[in-house]
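Visitor: Just so we're aligned, residue 21 is where the sequence shown starts under the numbering used here, counting upward by one.
Mind having a look at this structure? Questions to follow.
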Amino acid sequence: MENALVKKKKCTPKRKRPKSYLFSIKVLNGEGRKYVLNFPLLSVMTKEAGQYMILNDMLAMIAVGRTRAEARQDFVDLFDYVYQRYNEFPEKELNEKRARIKALLNNTVRRIIVAS
Numbered sequence: 021m022e023n024a025l026v027k028k029k030k031c032t033p034k035r036k037r038p039k040s041y042l043f044s045i046k047v048l049n050g051e052g053r054k055y056v057l058n059f060p061l062l063s064v065m066t067k068e069a070g071q072y073m074i075l076n077d078m079l080a081m082i083a084v085g086r087t088r089a090e091a092r093q094d095f096v097d098l099f100d101y102v103y104q105r106y107n108e109f110p111e112k113e114l115n116e117k118r119a120r121i122k123a124l125l126n127n128t129v130r131r132i133i134v135a136s
């Protein structure tokens, strides 16, 4: 009888971890430009709260979209913007971290094909 009086512990629901996928891209088709890379740019894609997010720690880039295609396009647009922006500045004007990112970007891109 004593066991019948013991209250059951309430179970706390397990927290779901966001699923992570490896996102690898070799060619980026931006607006008016196509970036051909020397090696695939590895990033992590996660889905959380109905949104897809692509995170590249090496280049400090985050892209978001409602679908995978939208997140991918946001990543391409962001890469295009970052590449153009970093190459506008001479090395002297960049701090150490930004100079390394610029060098990494320039070493990653094999060639740029400009649409005519």
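Ideal placement from N, C-alpha and C gives every residue a C-beta, glycine not left out.
As the structure is a computational prediction, the values presented were derived from the model and not from experiment.
Using a Cβ-Cβ cut-off of 7 Å, state whether residue 63 counts as contacting chain D.
Guide: Checking the listed chains, one finds no chain D in this structure; it contains a single protein chain.
Visitor: Would DSSP call residue 53 helix, strand or coil?
Guide: strand
Visitor: Within the region 52 to 99, note down every full beta strand (DSSP E) run reaching 3 residues or more, in order along the chain.
Guide: The qualifying runs are 53 to 68, 71 to 76, 81 to 85.
Visitor: In or out: residue 99 buried (at least 16 other Cβ within 10 Å) or exposed?
Guide: By the C-beta density criterion, residue 99 is buried, having at least 16 other C-beta atoms within 10 angstroms.
Visitor: Exposed or buried, what is residue 64 when buried is set at 16 or more other beta-carbons lying within 10 Å of its beta-carbon?
Guide: exposed
Visitor: Excluding sequence positions up to five away, which residues of its chain have a Cβ less than 6 Å from the Cβ of residue 96?
Guide: 48, 50
Visitor: How should residue 122 be labelled, buried or exposed, when 16 other C-beta atoms within 10 angstroms of its C-beta is the threshold for buried?
Guide: It counts as buried.
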